[in-house]
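Participant: Take 948 as the starting number for the sequence shown in this note's numbering and just add one per residue.
We treat Cβ as the ideally placed atom computed from N, Cα and C, and that holds for glycine.
Keep in mind that this is a model prediction, so the values were computed, not measured.
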Amino acid sequence: MAKPASPLPRPARALLIALGVIVALGVAAVIGVNGYVRVAFAPFYERAERAFPIPGAGVGFVCQDLDCLDDGQTWLFSGYQADGSPSPLYRRAADGSVTRVFLRLPDGSLYDGHGSAVTSAEGRVYVACEGGYLVTDEASVADAPDDQAVPVLGRVELGFSPSFMNVEGEIMYAGAFYHPGDYETPASWRMTTPDGTENPSLMFAFPADPAAQWGFAAEPAAAYSIPGMIQGVCATPDGGIVLSQSFGLATSHLLVYDAASLEPDGTLSATALADGRESDGAADGGAASGSAGAAGAPDPLADVPLYCLDGRSLVEDVAAPPMTEGIESHGGLVYVSEESASDKYHFGKLYGAGQIYALAL
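Next comes the structure, spelled out in structure tokens:
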């Protein structure tokens, strides 16, 4: 008769028990976090539908924004690499295939900035950089083979580093992120609106200009007083303005404003506009080294109409999971990007993040 197997030594048994406990706790944590997020943000998940996965999230890419090209089927994603290597644009084709494209600056180096915003119009792609934005050719980006670089054609200086940017109709909207102590704005940009709201930052409207080399005026036609911690902007089909607000692990918000009800609350002085140029704090989070055909010194600034986004025009505040980033309006829906499931933060992996969600607002 075979001898019974010898029992494991006590240290080995203790190790197996400990490993089992750790695995069980890990599974319980994932289930717990997933359950909490799904309950806490149930109104968001009830309205939103999964569109497609965020590309590159498992290989160090930290998504910051997204844009749908004019063909209505090709999507671009901007952001940065957690290891500091050159920042790619990810391209998602209609068939779901994903390609990675880089931006080559005139000095031969590759763009390695924060990639805080990407948008497109009239055959051009615009990517935020320190002090303004870079311009490249849309067809080149759309046709580039995987892991190839396309040339940057130009650079537009705005006098501040956009943390979000989007072209809607004939207007390019661009603004600065504010968080006390970390990302400051000039004192003249922080104001109390007529309903008592404390708005610490500004968004600017740059009109399309056929005489401008890269399609949009470098000087704004209007300014908007906005809340802090804004990561993205887009328009709704009925002309509303949506702002994406988030910071860290706090609840994100999709703030919807009735643009039709906005009336100017005075003007923003040329002095306040110039303050941004004098105190630009690199909100993009990384420089695009090398000249990229930047425009010359901006023209003298003029006062512009000031609109305040506050409780008077706020029509909806949708609570969303942490770390929402850029947003894009397409086909009557608002598409929401986020960074929580990237290899830099990991948090979103606990509740199935890493997806682009789309919802009607």
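(1) With a threshold of 6 Å on Cβ separation, who are the neighbours of Tyr1171 within its own chain once the five nearest residues in sequence on each side are excluded?
(2) Any idea if Val1203 is buried or exposed, counting beta-carbon neighbours within 10 angstroms, 16 or more meaning buried?
(3) What is the rounded straight-line gap between the Cα of Ala1207 and the Cα of Glu1263?
(4) In the DSSP assignment, find the unbroken beta strand (DSSP E) run with Val1114 in it and report its ends.
(5) Hey, would you say Thr937 sits closer than 7 Å to Ala1123, going by beta carbons?
(6) What are the partner residues of His1277, as DSSP defines its beta bridges?
(7) From this set, Val1251, Gly1070 and Asp1054, which residue's C-alpha is nearest Ala1219's C-alpha?
(8) By the 10 Å Cβ neighbour count, where 16 or more other Cβ atoms means buried, how is Thr1046 classified, buried or exposed?
(9) Quick one: what's got a C-beta closer than 6 Å to Val968's C-beta in the same chain, skipping five residues either side?
(10) Less than 6 Å between C-beta atoms, sequence neighbours within five positions excluded: which residues of the same chain meet that for Ala995?
(11) Taking only the alpha-carbon atoms, compute the straight-line gap between Leu1057 and Tyr1037 and give it to the nearest angstrom.
(12) According to the neighbour-count rule (16 or more other Cβ atoms, all chains shown, within 10 Å of its Cβ), is Pro1268 buried or exposed?
(13) What are the boundary residues of the alpha helix (DSSP H) that includes Ala1086?
(14) When you compare only the Cα positions, how much space is there between Pro910 and Tyr1130?
(15) In this structure, does DSSP put Leu1308 in helix, strand or coil?
(16) Run through DSSP, which three-state label would Phe1107 get?
(17) For Thr1218, does the three-state DSSP call read helix, strand or coil?
(18) Going by alpha carbons, who is nearest to Arg1102 out of Ala1091, Val1265, Glu1117 and Asp1084?
(19) Quick one: complete beta strand (DSSP E) runs, 3+ long, within the segment 1038-1081?
(20) Would DSSP call Ala1123 helix, strand or coil?
(21) Which residue wins for smallest C-alpha separation from His1277, given the options Thr1066, Ser1108, Ser1025 and Gly1003?
(22) Where does Trp1136 sit, in a helix, a strand or coil, going by DSSP?
(23) Label Tyr1292 either buried or exposed according to how many other C-beta atoms from any shown protein chain fall within 10 Å of its C-beta, with 16 as the threshold for buried.
(24) At which residues does the beta strand (DSSP E) containing Glu1263 begin and terminate?
(25) Per DSSP, which one or two residues make a beta bridge with Met1150?
(26) Kindly confirm or deny that the segment 1132-1147 and the segment 1164-1182 touch, where touching means at least three C-beta pairs closer than 8 Å.
(27) Let's see if you can read the secondary structure: which residues bound the alpha helix (DSSP H) around Tyr992?
(28) May I have the straight-line CA-CA distance separating Ser1289 from Ala1249, to the nearest angstrom?
(29) How would you write the range of the beta strand (DSSP E) that Ile1177 sits in, first residue to last?
(30) Name the residue from Pro1035, Asp1185, Tyr1125 and Ser1287 whose alpha carbon lies nearest to the alpha carbon of Pro1147.
(31) When you compare each of Pro1141, Phe1194, Phe1153 and Leu1190 to Gly1128 by their alpha carbons, which one comes out closest?
(32) Assuming contact is defined by CB atoms lying nearer than 7 Å, are Gly1078 and Ser1110 in contact in what I supplied?
Facilitator: In terms of the structure at hand:
(1) Result list for Tyr1171: Met1150, Tyr1254 and Leu1256, in chain order.
(2) Under the 10 Å beta carbon count, Val1203 is surrounded by 16 or more other beta carbons and is classified as buried.
(3) Cα to Cα, the separation comes out at about 15 Å.
(4) Its beta strand (DSSP E) spans residues Phe1111 to Glu1115.
(5) No answer is possible for residue 937: the residues shown for the chain start at 948 and end at 1308.
(6) Bridge partners of His1277: Leu1280.
(7) Restricting attention to Val1251, Gly1070 and Asp1054, the CA atom closest to the CA of Ala1219 is found in Val1251.
(8) By the neighbour-count criterion, in which 16 or more other beta carbons inside 10 Å mark a residue as buried, Thr1046 falls on the buried side.
(9) For Val968, the predicted model reports a pLDDT of 48, less than 50, meaning its position is unreliable; a value from the coordinates is still stated below. Cβ neighbours of Val968 beyond the five flanking positions: none.
(10) Result list for Ala995: Tyr1304 and Leu1306, in chain order.
(11) The alpha-carbon atoms of Leu1057 and Tyr1037 are separated by roughly 15 Å.
(12) It counts as buried.
(13) Counting along the chain, the alpha helix (DSSP H) containing Ala1086 begins and ends at Glu1085 to Asp1090.
(14) Only positions 948 to 1308 of the chain appear in the structure, and residue 910 is not among them; the question remains open.
(15) Under the three-state reduction of DSSP, Leu1308 is assigned to coil, being neither helix nor strand.
(16) Reduced to three states, the DSSP call for Phe1107 is coil.
(17) Thr1218 falls in the helix class under three-state DSSP.
(18) Nearest of Ala1091, Val1265, Glu1117 and Asp1084 to Arg1102, Cα basis: Asp1084.
(19) At a cut-off of 3 residues, the continuous stretches assigned as beta strand (DSSP E) that sit fully inside the segment 1038-1081 are 1045-1051, 1065-1068 and 1071-1076.
(20) In this structure, Ala1123 counts as coil in the three-state DSSP scheme.
(21) Nearest option by C-alpha distance: Thr1066.
(22) Three-state result, Trp1136: helix.
(23) By the neighbour-count definition (other C-beta atoms within 10 Å, threshold 16), Tyr1292 is a buried residue.
(24) Run containing Glu1263: Leu1261 to Ala1267, per the beta strand (DSSP E) assignment.
(25) The partner list for Met1150 (beta bridge, DSSP) reads Gly1122 and Tyr1171.
(26) Yes, since at least three Cβ pairs between the segment 1132-1147 and the segment 1164-1182 fall closer than 8 Å, the two stretches touch.
(27) Looking at the DSSP string, the run of the alpha helix (DSSP H) that includes Tyr992 is Ala989 to Arg994.
(28) Each residue's CA atom was taken as its position, placing Ser1289 and Ala1249 some 42 Å apart.
(29) DSSP places Ile1177 inside the beta strand (DSSP E), whose first and last residues are Ile1177 to Ala1182.
(30) Looking at the Cα atoms, Tyr1125 is the closest of the given residues.
(31) Closest by alpha carbon: Phe1194.
(32) In this structure, Ser1110 does not lie closer than 7 Å to Gly1078 by Cβ.
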